[in-house]
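Comments concern the structure below.
In this note's numbering, the protein residues as written are 14 to 66.
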């Protein structure tokens, strides 16, 4: 593992600006990727989970 830290600007502001929102949306993207089969990379899309609400 690496202990390095890199400052980054959030490239996806629609995913949220606070830690809770970012983690919630990252979790949504993770489970979309798992449902789609592995290996997958998914980026949070605001409308992607609308039908799961």
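Every residue gets a Cβ at the ideal spot worked out from N, C-alpha and C, and that includes glycine.
query	result
Measure the alpha-carbon distance for residue 39 versus residue 57 and round it to whole angstroms.	7 Å
Decide if residue 42 is buried, meaning its Cβ has at least 16 other Cβ atoms within 10 Å, or exposed.	buried
Going by beta carbon distance, what residues of the same chain come within less than 6 Å of residue 55, once the five residues before and after it are set aside?	42, 45 and 46
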